[in-house]
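*Asks:* Starting off with a structure, shown below.
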Amino acid sequence: MQEKVKDAPGSEFQWIGTRPVRPDGVDKVTGRAKFGADLAMPGQLVGKVLRSPHPHARIKSIDASAALALPGVKAVVTRDDFMDQPSEFIPAGEMMINYRDVVRNVMAREKVLYDGHPVAAVAATSASIARRALKLIKVDYEVLPHVIDVVEAMQPGAPLLHDDMITAGVEPAPKTPSNVAKRIEFGMGDVAAGFKQADVVIERVFTTKPVHQGYIEPHACIASVSEDGQAELWVSTQGHWIVRTHCARLLGWDVAKIRVTAAEIGGGFGGKTVVYLEPVALALARKSGRPVKMVMTREEVFRASGPTSGAHVRVKIGARKDGRIVAAEAELKYQAGAFQGSPVQPGAMCAFAPYDLENVKVVGYDVVSNRPKVAAYRAPGGPIAEFAVESVIDEVAAKTGMSGIDFRLRNAARQGTKAAYGPKFGPIGMVETLEAAKAHAHWRTPLAKNQGRGVASGFWFNIGGETSVSLSLNEDGTLSLTAGTPDIGGLRASLCMMAAEELRVPLDKIRVQIGDTGQLGYNFLTGGSRSTFSSGMATVEAARDVIKQACKRAAQLWELPEDAVEYKDGAVRPAGPNAGKHAPMSLKDVAGIAGKTGGPIVGYARLNAHGAAPSFATHIADVEVDPETGRAWVVRYTAIQDAGRAIHPSYVEGQYQGGAAQGIGWALNEEYVYGDDGRLQNPGFLDYRVPVASDLPMIDTVIVEVPNPRHPYGVRGVGETPICPPMAAVANAVADATGIRFTELPLSPPRVLKALGEARGNGQAKI
Amino acid sequence: MLNLRQINKEACDMRYEAPSSIDQAVALLASASGEARVLAGGTDLLVQIKTDLVEPTLLVDIKGIAELREIGEEAGAFRIGAAVTGAELKENPRLKAVWPGVVEAANLIGSTQIQGRATMGGNLCNASPAADSVPALIAAGAKVAIVGPGGRREAPVEDIVIGPRRLSLTKGEIVASFLLPAKAPRTADAYLRFIPRTEMDIAVVGCGVCLTLDGQGTCTAARVALGAVAERPLMVAAAGAALVGSKVDGAALATLDAAARAACRPIDDKRGTKEFRVEVAGVLARRAAQIALERARKG
């Protein structure tokens with residue numbers, strides 16, 4: 097069953113770096129895998145949400161009496177069913193949350209703040225009855241003026257979303273409220289002095305649109321609450337422990353009363369790190385006494401979940417003629433959506449991270465407007481800032497007469513470089529990715545007519561965090577590994593391989609499952625590219641715990657001291673002077689004596705994983721532009737990235753390709769289109785244009801390995817960095833093809849054709 | 037005894053009928069009291085029902101009517117049932133060889149899975165200005181056979197859609213089939229659409245061209261139709277006239293481009309701007325004419 101394909105013959109490893117068949121694959125291709133909407137319970141009801149048709153309105157009253165009177169309707173919940181929460185910011189993955197805002201996003205209270213904001217929910221015996229019930233709920237709105245655009249939202253006199261929002265981070269504090277939640281600033285050196293040394297200075301203003309994570313599986317869950325208040329929740333999520341935390345908090349229930357099981361997940365990309373339906377389903381289940389299943393439509397996903405920020409970004413970079421950057425500054429204005437908490441902070445930290453700079457200044461603003469609250473999206477905040485910076489780098493490089501790769505090499509961050517956001521880097525692979533790009537055949541291949549080539553680099557921090565894993569030695573010598581971070585990108589395969597490597601057993605002797613919240617200690621969510629790193633670290637520790645226990649049991653049997661027994665090549669054996677005194681015991685043999693030597697053997701690890709290391713990438717894109725229609729498409733693409741060490745290279749390559757694909761969509765066609773009425777006009781995959789398979793070339797990948805010394809196998813997170821370079825790589829390629837620097841995403845055909853027409857008018861178009 | 041069927045009808049407020057003859061279908065539609073809809077492949081209608089855009093009280097499924105599911109050829113002319121799917125069109129080698137533009141247009145709609153359901157009858161009667169098969173059918177000079185309470189009639193395809201979601205059909209009438217005429221020698225058609233992606237999208241602009249050459253390669257007849265540039269698909273006589281009498285050379289193509297652009301009266305929307313649609317309409321007209329020209333030269 098297990099296919100073992102070694103990448104590097106003679107590797108020190110038995111399993112690490114090979115490409116076995118994925119353990120979750122068979123269930124997924126045969127349809128056995130159970131996703132969020134696949135669980136059914138006897139007597140279940142259908143839950144549906146009534147959503148605001150207005151981008152901004154005060155709720156004067158809600159009357160659900162007619163809906164409740166409809167036969168088949170078993171419960172209705174509104175704002176009155178959720179306790180208000182105090183204002184308090186709490187770290188949640190790579191973002192911060194405030195329960196005062198979370199409760200209002202789950203169910204509107206005083207006001208609705210975006211088209212699609214939940215106002216009420218019903219549970220009924222059928223979907224059609226639930227839909228009819230929604231129409232019977234009377235909501236009396238006082239419609240208010242709205243604001244969609246980030247720059248307009250910052251203007252004095254713009255419609256105010258929150259009457260008490262005083263901009264934080266400004267001294268002295270403003271006296272009047274605004275839509276600017278926060279101003280941040282950091283940097284080092286003296287930017288003004290730096291620009292005085294510059295021979296070349298380029299300053300540009302960029303705009304990007306909010307883009308959705310675009311997971312194929314809509315949000316879905318099923319909740320059941322017993323008469324004595326014991327709750328079960330089955331849900332598609334990136335972190336079932338955090339779902340439990342949020343639901344307990346919003347409903348005022350004990351954490352122990354809620355057991356959450358993570359379904360197989362059909363994509364998350366950060367968008368399933370927050371709660372939308374879950375507390376509502378639990379509230380409806382409690383009120384109705386019946387299980388309640390809720391599944392969003394695609395339209396609901398677009399109107400009310402995700403996306404990441406749209407932004408307005410100014411970047412200025414100065415360099416000497418010799419190609420050394422002497423000063424860099426950026427001003428980032430990020431849309432947070434209806435509630436504060438855009439990823440402007442990580443965006444600001446990422447902006448110049450790939451470079452070794454002396455003089456840097458970054459200012460950021462977190463701005464609310466009448467759009468859905470942003471959620472984490474793959475390297476939240478990074479791709480926006482890095483698009484702007486890498487576009488300007490491209491121009492500065494050209495002005496100094498250097499290639500994009502040589503210019504970046506001249507300025508690249510290395511081990512020991514102090515990052516503008518604070519820390520000194522350990523061993524990192526920025527230079528290695530640039531050198532691999534320079535050596536790649538792609539970089540030297542001639543371009544055809546109407547084509548251009550772009551290069552861009554990218555960076556993401558990666559995180560660790562709280563993690564628990566258990567590893568049981570079964571009575572036949574096989575092993576059951578239970579982890580608590582949902583498997584989005586191949587976690588079960590990677591954990592299985594790391595455990596098998598430690599134990600020197602065949603992969604098919606270990607089965608990995610994702611446990612529910614009752615089975616393990618707390619696990620932070622799958623996000624921040626942490627799960628192979630953190631759960632991998634815990635898996636190694638748990639495996640070593642099993643080995644230690646196995647040695648102890650054999651020592652007991654053999655009446656030897658514990659340190660006279662060792663575990664080698666998959667067996668416990670006497671060591672040192674006692675070597676050969678007893679026949680080696682396999683794990684199966686040890687399992688056979690477990691009962692009489694002290695009971696079950698279970699390895700356990702609970703830790704807060706430290707030592708996550710950043711991953712750098714360099715991407716090369718070739719883009720062709722149709723001079724008559726403005727359509728731009730990627731004809732060749734190469735993604736090069738430092739993985740630390742690739743446990744299962746196919747999954748790592750898949751992350752590189754997936755991040756590139758999403759970034760290409762962000763670059764070329766994805767955008768939210770709002771009407772003058774503040775309503776979203778393209779809430780579906782027909783008109784919100786993610787790339788389809790035929791839009792993309794085969795995305796070539798190169799895995800660079802600069803091991804992370806803080807992980808037993810050298811792992812770095814790899815999932816997020818790949819979405820950072822593509823927008824600039826594509827825009828730089830379009831600039832190369834057309835002679836036009838595009839500063840506004842997406843590079844959709846109407847925008848490109850219009851710019852081509854203007855550039856032809858003043859003789860600046862290359863095509 | 038409980039009448040389960042009756043209860044079910046009350047529960048969902050929607051009646052579904054699948055007649056086996058056109059006359060039964062017409063009778064059902066003609067006598068309907070609420071909103072009645074014809075269901076062919078359902079690739080538009082079911083989506084509209086699920087998203088609450090329409091709430092029909094009667095669905096008349098025409099897929100069980102044999103003559104609406106057939107492709108017939110007689111003396112070089114084709115009769116294509118309104119409920120024939122895109123996949124079935126593509127699998128008909130004769131039709132594909134004679135009217136490649138029409139078959140290609142119908143097969144631009146949706147994905148492979150959708151192709152197994154979607155029909156040209158549905159594409160026409162969905163009455164979208166952006167329907168892909170409609171400009172191709174108009175360019176090809178196709179007619180539709182309509183059956184209604186008053187009997188049968190024929191009309192040019194360009195007379196059916198009168199605006200977004202609006203048809204010239206009267207109550208009880210259904211489109212039964214498309215009639216593609218016997219082709220003159222050295223006649224060929226082509227259809228192109230512009231979408232930002234490569235598939236799974238809706239035309240931002242669509243253009244069908246059908247032209248005829250004489251033995252010397254001079255264009256003797258040409259029909260040009262545009263989609264997604266007005267409130268309905270347009271037959272653009274001036275664009276066809278731009279080619280007649282020419283060798284379909286650069287000058288003629290430039291005239292065609294200008295004529296196509298002049299006919300556009302588009303809107304700005306989520307799929308494209310007015311200026312973009314107008315400019316690209318001219319580009320597509322030229323490109324489609326060049327494909328049709330190559331095909332016509334080959335006979």
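Read top to bottom, the protein sequences are chains P and U. Our numbering puts the first residue of the first sequence at 97, with every later residue one more than the last. Our numbering puts the first residue of the second sequence at 37, with every later residue one more than the last. Ideal placement from N, C-alpha and C gives every residue a C-beta, glycine not left out. The structure presented is a predicted model; accordingly, all values stated were derived computationally and were not measured.
1. Grab me the residues of residue 337 of chain P's own chain with a C-beta within less than 6 Å of its C-beta, minus the 5 sequence neighbours each way, in chain order.
2. Extract the residue ranges of the beta strand (DSSP E) inside the region 384 to 428 of chain P, only unbroken runs of 3 or more that lie entirely within it.
3. I'd like to know if residue 791 of chain P contacts chain U, where contact means its C-beta is closer than 8 Å to some C-beta of that chain.
4. Enumerate in chain order the residues of its own chain whose CB-to-CB distance from residue 573 of chain P is below 6 Å, with the five nearest sequence positions on each side excluded.
5. Quick check on DSSP: helix, strand or coil for residue 824 of chain P?
6. Can you give the Cα-Cα distance for residue 431 of chain P and residue 263 of chain P, rounded to whole angstroms?
7. Closer than 8 Å by beta-carbon distance: list the chain P residues that pair up with residue 112 of chain U, in chain order.
8. Using beta-carbon positions only, say whether residue 226 of chain P and residue 214 of chain P come within less than 8 Å of one another.
9. If you check the beta carbons only, do residue 518 of chain P and residue 712 of chain P fall under 8 Å apart?
10. So, helix, strand or coil for residue 568 of chain P, using DSSP?
11. Can you tell me whether residue 43 of chain U is buried or exposed, with buried defined as 16 or more other CB within 10 angstroms of its CB?
12. Could you check what DSSP says for residue 484 of chain P in three-state terms: helix, strand or coil?
13. Are residue 486 of chain P and residue 458 of chain P closer than 8 Å when you measure CB to CB?
14. Would you say residue 149 of chain U lies against chain P (beta-carbon separation less than 8 Å)?
15. Under DSSP, the beta strand (DSSP E) around residue 213 of chain P begins and ends at which residues?
16. Return the residues of the region 837 to 849 of chain P that lie within a Cβ-Cβ distance of less than 8 Å from chain U, sorted by chain order.
17. Check the C-beta distance from residue 212 of chain P over to residue 400 of chain P and give it rounded, since I have them as a contact under 8 Å.
18. For residue 849 of chain P, which of helix, strand or coil comes out of DSSP?
19. Just to make sure I have the definition right: I need the residues of chain P whose C-beta is within less than 7 Å of the C-beta of residue 238 of chain U. Which are they?
20. Return helix, strand or coil for residue 313 of chain P, following the three-state DSSP convention.
21. What residues are listed by DSSP as bridge partners for residue 607 of chain P?
22. Between the Cα of residue 709 of chain P and the Cα atoms of P:625, P:653 and P:582, which residue gives the shortest distance?
23. Between the C-alpha atoms of residue 122 of chain U and residue 160 of chain U, what's the straight-line distance to the nearest angstrom?
24. Please name the residue in P:114, P:463, P:270 and P:453 whose C-alpha comes closest to that of residue 250 of chain P.
25. In its own chain, which residues sit with a C-beta less than 6 Å from the C-beta of residue 246 of chain U, not counting the 5 before and 5 after it?
26. What does the Cβ neighbour count give for residue 120 of chain U, buried or exposed, with the cut at 16 atoms within 10 Å?
27. Is the region 563 to 571 of chain P in contact with the region 831 to 845 of chain P, if contact means three or more CB pairs nearer than 8 Å?
28. Using a Cβ distance threshold of 8 Å, determine whether the region 276 to 288 of chain P contacts the region 322 to 329 of chain P, with at least three qualifying pairs required.
29. With a threshold of 16 other CB atoms inside 10 Å of the CB of residue 812 of chain P, please say whether the residue is buried or exposed.
30. From P:707, P:791, P:246 and P:759, pick the residue whose C-alpha is nearest to that of residue 520 of chain P; which is it?
31. Rounded to a whole number of angstroms, what is the C-alpha to C-alpha distance between residue 544 of chain P and residue 719 of chain P?
32. Comparing C-alpha positions only, which one of U:307, U:193 and U:62 sits nearest to residue 785 of chain P?
33. For residue 582 of chain P, count neighbouring Cβ atoms within 10 angstroms of its own Cβ and tell me buried if that reaches 16, exposed if not.
34. Under a CB-based cut-off of 8 Å, is residue 725 of chain P close to chain U?
35. For the beta strand (DSSP E) that residue 237 of chain P lies in, which residues bound it at each end?
36. Closer than 6 Å by C-beta to residue 503 of chain P: which residues in its own chain qualify, once you throw out the five before and the five after it? Chain order, please.
*Replies:* Let me spell this out:
1. 613, 618 and 619
2. 388 to 391 and 407 to 415
3. So, interface residue.
4. 683, 684 and 687
5. helix
6. 14 Å
7. Chain P residues near residue 112 of chain U: none, gap ~35 Å exceeds 8 Å.
8. no
9. no
10. strand
11. Note that residue 43 of chain U has pLDDT 41, beneath the 50 cutoff, so the model's placement of it is unreliable and the number below is only indicative. Flag for residue 43 of chain U reads exposed.
12. helix
13. no
14. no
15. Premise fails: residue 213 of chain P is in no beta strand (DSSP E) and is neither H nor E.
16. 844, 845, 846 and 849
17. 4 Å
18. helix
19. Near residue 238 of chain U (Cβ distances below 7 Å), the residues of chain P are 782.
20. coil
21. P:576
22. Nearest option by C-alpha distance: P:625.
23. 13 Å
24. P:463
25. 175, 176, 225 and 259
26. In the assembly as shown, residue 120 of chain U is a buried residue. Its beta-carbon has 16 or more other beta-carbons within 10 Å.
27. no
28. no
29. Its Cβ being crowded by 16 or more others within 10 Å, residue 812 of chain P is buried.
30. P:707
31. 10 Å
32. U:307
33. Residue 582 of chain P counts as buried, since no fewer than 16 other beta carbons sit within 10 angstroms of its beta carbon.
34. yes
35. From DSSP, the beta strand (DSSP E) with residue 237 of chain P extends over 234 to 239.
36. Taking residue 503 of chain P as the centre and dropping the five residues before and after it, the same chain places the C-beta of 419 and 493 closer than 6 Å to its C-beta, in chain order.
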